[in-house]
Ligand SMILES: [Zn+2]
C-alpha cells in the first residue's frame with residue numbers, strides 16, 4: 087500500500103480497523119493485524135486510539151484450547167449517532183441510528199403540500215432539535231444526511247431541480263447546517279436507497295443493478311460495480327398507456343398508471359372518501375374489485391416497463407424498493423409472473439427481478455447508510471482505494 091502522506095495512511099488504517107471491528111462478531115488485536123496486513127505495534131496504537139475515543143471496548147479473554155488467550159474487541163455502538171432525513175412527496179421520516187445502524191429515534195410527519203424550501207427547512211430543523219433535546223448527550227450526533235426526490239449536486243448539497251415543487255438551485259445542505267450543530271449532506275433519494283441495499287441488504291458489489299424506487303413517484307438508478315452511474319433516470323416517464331396526463335406534461339407515462347399519486351387520484355374517483363393512501367387502497371382491494379383492478383393494472387404496467395429497461399441495460403439484478411414495493415404479496419407475484427412470462431427468455435434468464443431487502447424502509451435506512459458512510463466509516467472511499475490501489 088502506497089500513500090504520499092504518512093498521516094493519510096494512518097487515517098486510512100484507522101478507518102480500516104474501525105470497519106473491521108464493526109463488521110466482526112469476534113476479533114482481537116492480533117486478528118485485526120493479520121486480516122489487514124498491518125504490523126502489531128501500529129495496530130495496537132490504532133486500537134488504543136479507538137478505545138480512548140470510546141468507539142471500541144475490550145471485552146474479556148476469549149476461551150481457546152491452546153496458547154495465549156486474546157482479548158476480544160467490540161464496537162461501542164452507542165458511542166456516536168447520525169441522523170437521516172428522507173423527504174418523501176407524501177411523508178418525511180427523520181431517523182437517528184447508532185453505529186450499528188440500529189434506529190434509536192424515529193419521527194414521521196406528512197410532507198407539506200408543495201413546500202417552499204424555507205418551510206421544509208424549518209420543519210426539519212424543528213424536528214431534529216426535538217430529537218436532540220431528548221438526548222442525554224446530543225454531541226454524539228456526527229452529522230445528518232438528507233435524501234430528496236430531485237436532481238442533486240452532492241458536493242455542495244444543492245437541489246438543482248425538483249420540478250413538482252418548483253425548486254431550482256436550492257442550497258439545502260448550507261441552509262440546514264446553519265441552524266444545526268453538525269454537518270449536513272444532501273443526495274438523491276434513489277442513490278441513497280441503493281446505498282442502503284449495499285449496507286444492510288448484502289448487495290453483491292460486482293454485479294450490475296437496475297434499482298426501481300416505486301412510491302409516490304417512480305424513479306430508478308443504474309448501478310455498476312457498486313456505484314450509481316445514472317440517477318437521473320426518467321424511468322417513471324416511459325410511455326405505457328394511450329391516455330392519462332402525467333405531471334411532466336406527457337400522456338400515458340408509467341407514472342400515470344403505477345405511481346402512488348396516480349393510484350390515489352384514480353381510486354378517489356370511485357371512492358366515497360376524501361383522501362386515501364396506497365396502503366388503504368391495498369386493504370380495500372380484498373373486497374373492492376375497482377381497487378383490485380387498479381393495482382393489477384399498475385403491476386402489469388410496471389412489469390412491461392421493467393422489461394423495456396432490462397432489454398437495453400441487461401442488468402444482473404432488478405430490485406424494486408420504495409413505499410409501494412410493500413404491497414400485498416399477491417400483487418408482487420403478479421408483477422414477477424408478468425415479467426417472467428412476457429420478457430424474452432434471454433432477458434429474464436439474465437436479469438433477476440426481486441423485491442429490495444429493505445422494502446418500504448429503503449428510504450430511511452438508505453439515507454442512514456449514506457450518513458454512516460460520510461460521517462463515520464467512509465466505506466465508499468475505502469472501496470475506491472481498494473479498487474485503485476489494491477489495499
Ligand atoms: Zn411523465
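In the numbering used here, the protein residues as written are 87 to 477.
A virtual CB, placed ideally from N, CA and C, is assigned to each residue, including glycine.
Since the structure is predicted, the reported quantities are computational estimates derived from the model, not experimental observations.
The alpha helix (DSSP H) enclosing residue 115, as first and last residue numbers: 115-122
Evaluate the contact criterion for the region 294-313 versus the region 403-417: three or more CB pairs, one atom per stretch, below 8 Å. yes
Contact under 8 Å by Cβ, residue 181 with residue 195: no
With a threshold of 7 Å on Cβ separation, who are the neighbours of residue 384 within its own chain once the five nearest residues in sequence on each side are excluded? 343, 344 and 349
Would you check whether ligand 1 has a heavy atom nearer than 7 Å to the C-beta of residue 205? no
Endpoints, the alpha helix (DSSP H) within which residue 392 is located: 375-399
Proximal residues to residue 470 (C-beta, below 7 Å), its chain only, five neighbours per side dropped: none
Determine the closest residue to residue 200 out of 405, 108 and 250, with distance taken between C-alpha atoms. 250
Please report how far the alpha carbon of residue 165 lies from the alpha carbon of residue 263, in whole angstroms. 22 Å
In angstroms with no decimal places, state the Cα-to-Cα distance between residue 127 and residue 467. 25 Å
Give me the DSSP bridge partner(s) of residue 182. 169 and 191
Throw me the rounded Cβ distance for the residue 450 and residue 179 pair, which I believe falls under 8 Å. 5 Å
Please go through the same chain and pick out, in chain order, the residues whose beta-carbon is closer than 7 Å to the beta-carbon of residue 393, but skip the five residues on each side of it. 425, 428, 429 and 433
Inter-residue spacing [alpha-carbon to alpha-carbon] between residue 220 and residue 351: 39 Å
Leaving out five residues on either side along the sequence, give the residues of the same chain with a beta carbon under 7 Å from the beta carbon of residue 102. 122 and 468
Output the distance between the C-alpha atoms of residue 326 and residue 236, rounded to the nearest integer angstrom. 23 Å
Check whether the Cβ atoms of residue 280 and residue 238 lie closer than 8 Å to each other. no
Residue range of the unbroken alpha helix (DSSP H) whose run includes residue 316: That residue, residue 316, is in no alpha helix (DSSP H); its beta strand (DSSP E) goes 313-316.
Would you call the region 312-322 and the region 360-374 touching, i.e. three or more CB-CB distances under 8 Å? no
Tell me the residue span of the beta strand (DSSP E) that contains residue 403. 403-407
Within 10 angstroms of its Cβ, does residue 472 collect 16 or more other Cβ (buried), or is it exposed? exposed
Kindly provide the ranges of any beta strand (DSSP E) runs that are 3 or more residues long and lie completely inside the region 233-315, ordered along the chain. 237-239, 244-248, 253-256, 270-274, 295-300 and 304-310
Report buried or exposed for residue 267, applying the criterion of at least 16 other Cβ atoms within 10 angstroms of its Cβ. exposed
Below 8 Å CB to CB, which residues in the same chain sit around residue 114 once its five sequence neighbours on both sides are set aside? 148, 156, 157, 158 and 159
Which residue wins for smallest C-alpha separation from residue 142, given the options 329, 334, 265 and 105? 105
Would you please state the rounded distance, in angstroms, between the beta carbons of residue 161 and residue 107? I believe it to be under 8 Å. 5 Å
Between the CA atoms of residue 401 and residue 293 - distance to the nearest angstrom: 8 Å
Is DSSP giving residue 143 helix, strand or coil here? strand
Is residue 323 near ligand 1, with its Cβ less than 7 Å from a heavy atom? yes
Assuming residue 169 and residue 448 form a contact by the criterion Cβ under 8 Å, report the distance between their Cβ atoms to the nearest whole angstrom. Contact flag wrong, Cβ pair sits at about 17 Å.
Would you report the Cα separation of residue 88 and residue 365, rounded to the nearest angstrom? Any reading at residue 88 needs caution, since the residue's pLDDT is 48, under 50, leaving its predicted position unreliable; the model's value is listed next. Taking the straight line joining both Cα atoms gives about 53 Å.
Check whether the Cβ of residue 334 lies closer than 7 Å to any heavy atom of ligand 1, and answer yes or no. yes
Nearest to residue 134 by CA position, among 421, 100 and 330, is which residue? 100
At the level of alpha carbons, what is the spacing between residue 261 and residue 207? 7 Å
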